[in-house]
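Here the structure comes first, spelled out in structure tokens, and everything after it is commentary.
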Amino acid sequence: MDRDIKTLGIVVRTMNIKERDKLLTLFSPSLGLISIVSYGARKSIKIAKAPLYTEGTFSLEKGRSGWTMKEIDVLSTHDILHEDLDRQQAALLFSDLIITSKSAEPELYILYSEALDALEYEDFEKVTVEFVLHFLSHEGLSGDYISCPVCSRTYQEDEVLGFSSTEGVAVCHDCDTMNGALLLPPNARAYLRRSLELGFKDSLSLVVSAEQEHRIFRYMLRTLPYTFPGRLRSLEYGIWRI
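So for the sequence shown, this note's numbering puts the first residue at 174; every next one is plus one.
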């Protein structure tokens, strides 16, 4: 690999190291998740250009101890995400899912980038539902909301779904292992199914009531610890109470 490269990327995590340096975790569609050091960054214009959630083209140099950042051509700093606690919490969850899963395919980069952009102008609950839904689908961790993942029976149109804590997915009533503790009504199931059909960006145009949107948001967050195999500290220690 060349010692000097340029790559598109988003800063998904930052950490202070030593007195003035920063360790950045960069999500790149070509390199995946990589750690880069910005020396003297805490008092440098470079770090001012690359705070958390910054997207841009990064100029990197490969040294003995790894990658260092030389320059960045900024596309977006997503400043609004730092000004609102709920939007910030949503972005933290998205980053947590990416980092914890170690999934860094180009398709997930597009999803992550589009989700950060959407958080700047869309309702944070809607964006969270759609990101989590499409992330889990990409990772093969969710059903299709058409048939039961356990017994393969096609759902009835008006069927209320239960949940399997062992499989981590919505299931039919007969396969429910949680005694109705996590129910998914027919209209919410139809919304999630349609969202998967449309894809992330187009699903943001779906219209439901604020009450319905909040219920689906709570459902996705309550089921996520069962569905996702890794520990999500952004949910454990975040501001949302679900």
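Beta carbons: idealized from backbone N, C-alpha and C, even for Gly.
Quiz item: Just the Cα atoms here: how many angstroms apart are I415 and T396?
Solution: In the sequence shown, the residue the question calls residue 415 occupies position 242. In the sequence shown, the residue the question calls residue 396 occupies position 223. Distance between the alpha carbons of I415 and T396 is about 10 angstroms.
Quiz item: Beta carbon of W240, beta carbon of I272: below 9 angstroms?
Solution: For the purposes of this step, residue 240 is taken as residue 67 along the sequence shown, with counting starting at 1. For the purposes of this step, residue 272 is taken as residue 99 along the sequence shown, with counting starting at 1. No. Outside cutoff.
Quiz prompt | DSSP three-state assignment for T250, whether helix, strand or coil | solution = Residue mapping note: residue 250 aligns to position 77 of the sequence shown, counting from 1. The answer is coil: DSSP assigns T250 none of H, G, I, E or B.
Quiz prompt | Terminal residues of the alpha helix (DSSP H) in which M351 lies | solution = Your numbering for residue 351 matches position 178 in the sequence shown. Boundaries for M351: no alpha helix (DSSP H) harbours it, and the DSSP string shows neither H nor E there.
Quiz item: What's the C-alpha gap between E256 and M393?
Solution: Taking the first residue of the sequence shown as position 1, residue 256 is located at position 83. Taking the first residue of the sequence shown as position 1, residue 393 is located at position 220. Approximately 24 angstroms between the Cα atoms of the pair.
Quiz item: Is H387 closer than 9 angstroms to E298 when the C-beta atoms are compared?
Solution: If you number the sequence shown from 1, residue 298 lands on position 125. If you number the sequence shown from 1, residue 387 lands on position 214. In this structure, H387 lies closer than 9 angstroms to E298 by Cβ.
Quiz item: Can you list, in chain order, the stretches of the beta strand (DSSP E) that have 3 or more residues and sit fully within the region 367-392?
Solution: none
Exercise. Measuring alpha carbon to alpha carbon, tell me which of T227, D317, M242 ends up nearest E234.
Key: The residue given as residue 234 occupies position 61 in the sequence shown. Residue nearest to E234 within the set T227, D317, M242 is M242 (criterion: CA-CA distance).
Quiz item: Alpha carbon to alpha carbon, how far is S211 from G205?
Solution: If you number the sequence shown from 1, residue 211 lands on position 38. If you number the sequence shown from 1, residue 205 lands on position 32. Cα to Cα, S211 sits roughly 18 angstroms from G205.
Quiz item: Between R391, N189, R176, E228, which lies nearest to G182 when the distance is taken from Cα to Cα?
Solution: Counting from one through the sequence shown, the residue named residue 182 turns up at place 9. With distances taken between Cα atoms, G182 lies closest to E228.
Quiz item: What does I189 pair with, by DSSP beta-bridge criteria?
Solution: In the sequence shown, residue 189 corresponds to position 16, counting from 1. First, the residue type needs correcting, since residue 189 is Asn and not Ile in the sequence shown. The partner list for N189 (beta bridge, DSSP) reads K195.
Self-check item: Member of F267, V305, P279 whose CA lies at the smallest distance from the CA of L289
Solution: For the purposes of this step, residue 289 is taken as the residue at position 116 of the sequence shown. Comparing Cα-Cα distances from L289 to each of F267, V305, P279, the minimum goes to F267.
Exercise. From the DSSP output, in three-state form, read off I245 for me.
Key: Counting from one through the sequence shown, the residue named residue 245 turns up at place 72. Reduced to three states, the DSSP call for I245 is strand.
Exercise. Indicate, with yes or no, if the ligand FAD has a heavy atom lying under 8 angstroms from the CB of T198.
Key: Ligands are entirely absent from the displayed structure, and the ligand FAD is therefore not among its contents.
Exercise. Could you check which residue in D177, L284, D252 has the C-alpha nearest to that of D375?
Key: For the purposes of this step, residue 375 is identified with residue 202 of the sequence shown, where counting begins at 1. Per the Cα distances, L284.
Self-check item: Member of E340, P279, S232, R326 whose CA lies at the smallest distance from the CA of H311
Solution: Indexing the sequence shown from 1 puts residue 311 at position 138. If we check each option's Cα against that of H311, P279 comes out closest.
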